[in-house]
Each structure stands twice: as structure tokens, then as C-alpha cells.
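In the numbering used here, the protein residues as written are 18 to 134. One structure is given below, encoded as C-alpha cells.
Here is the structure:
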């Protein structure tokens, strides 16, 4: 059974920092592209950042320079470190394990990030 469990969200003031974690079980984070997505109220879910099995990273323009995605294969956990948070970063943040040739994609349940001005 595959599970992705996010944690680390919360309420933070503008300019603050948070580190989100995604604890994964049932699949190996080092074998597929992993990503963070977010969905603000009334908006579509959007990509925040991805990291490939080769550790190549990609970031949305809106967070570039303020976020760092990383993975720890030993802990089977993915992280998203965010600094310089803005009110427009307020959203539910979801962990995603991308599909492979033999496996579908998986999603976590999400963690709320609220940035106050």
C-alpha cells in the first residue's frame, strides 16, 4: 500500500519560512519524479516544484529563488523548504509521486499553508 503523508504546514507571517515534509511508504522516492503542488481556494492545482530520480529540480516561476525541493532516499522522504513566504503562497500543498511505466501517480492528503500579511 502506497502512502504519502505531508506535514509541516501551518500559519506563518509574510517573510517567514516553512519546511514541508512528505513521508512516503510503499514506493521508493529515489526511483521516480516527485513533486509538490498547491491549490489555493477557487484556483486550480498548480505545480510548485519537482525533483527527478537523478536529482534534477524544476520550480514554478512564482517560487523560484524562494523554495528548495529535496529528497532523502534513506528516510524515503521529500522536502520543500520555503522562505520569503508571501500571502499568495497560501494554499493546500500536496505531495505527488509521479507515474512510472508500471505504476500510477500517487497523491498525499495535503497540508495547509497560510501566510498572513
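In this text, a Cβ means the ideal position worked out from N, Cα and C, and glycines have one as well.
Residue i versus residue j - alpha carbon distance
{"i": "residue 49", "j": "residue 121", "result": "11 Å"}
{"i": "residue 84", "j": "residue 109", "result": "16 Å"}
{"i": "residue 82", "j": "residue 119", "result": "34 Å"}
{"i": "residue 102", "j": "residue 64", "result": "16 Å"}
{"i": "residue 75", "j": "residue 67", "result": "5 Å"}
{"i": "residue 88", "j": "residue 97", "result": "9 Å"}
{"i": "residue 78", "j": "residue 107", "result": "16 Å"}
{"i": "residue 37", "j": "residue 124", "result": "15 Å"}
{"i": "residue 95", "j": "residue 18", "result": "18 Å"}
{"i": "residue 117", "j": "residue 69", "result": "12 Å"}
{"i": "residue 104", "j": "residue 73", "result": "28 Å"}
Close-in-space but distant-in-sequence residues of the same chain around residue i (CB under 6 Å, 5 per side omitted)
{"i": "residue 91", "result": "none"}
{"i": "residue 41", "result": "21 and 93"}
Residue i, buried or exposed, once every other Cβ within 10 Å from all chains shown has been counted against 16
{"i": "residue 31", "result": "exposed"}
{"i": "residue 55", "result": "buried"}
{"i": "residue 45", "result": "exposed"}
{"i": "residue 35", "result": "buried"}
{"i": "residue 113", "result": "buried"}
Same chain, Cβ closer than 7 Å to residue i, five either side skipped, listed in chain order
{"i": "residue 127", "result": "23, 109, 110 and 111"}
Residue interval of the beta strand (DSSP E) (run including residue i)
{"i": "residue 132", "result": "128-133"}
{"i": "residue 63", "result": "63-68"}
{"i": "residue 46", "result": "Here residue 46 belongs to no beta strand (DSSP E), and DSSP marks it neither H nor E."}
{"i": "residue 87", "result": "84-89"}
{"i": "residue 74", "result": "74-76"}
Close beta carbons around residue i, own chain, < 8 Å, minus the five adjacent residues each side
{"i": "residue 115", "result": "49, 50, 51, 52, 67 and 122"}
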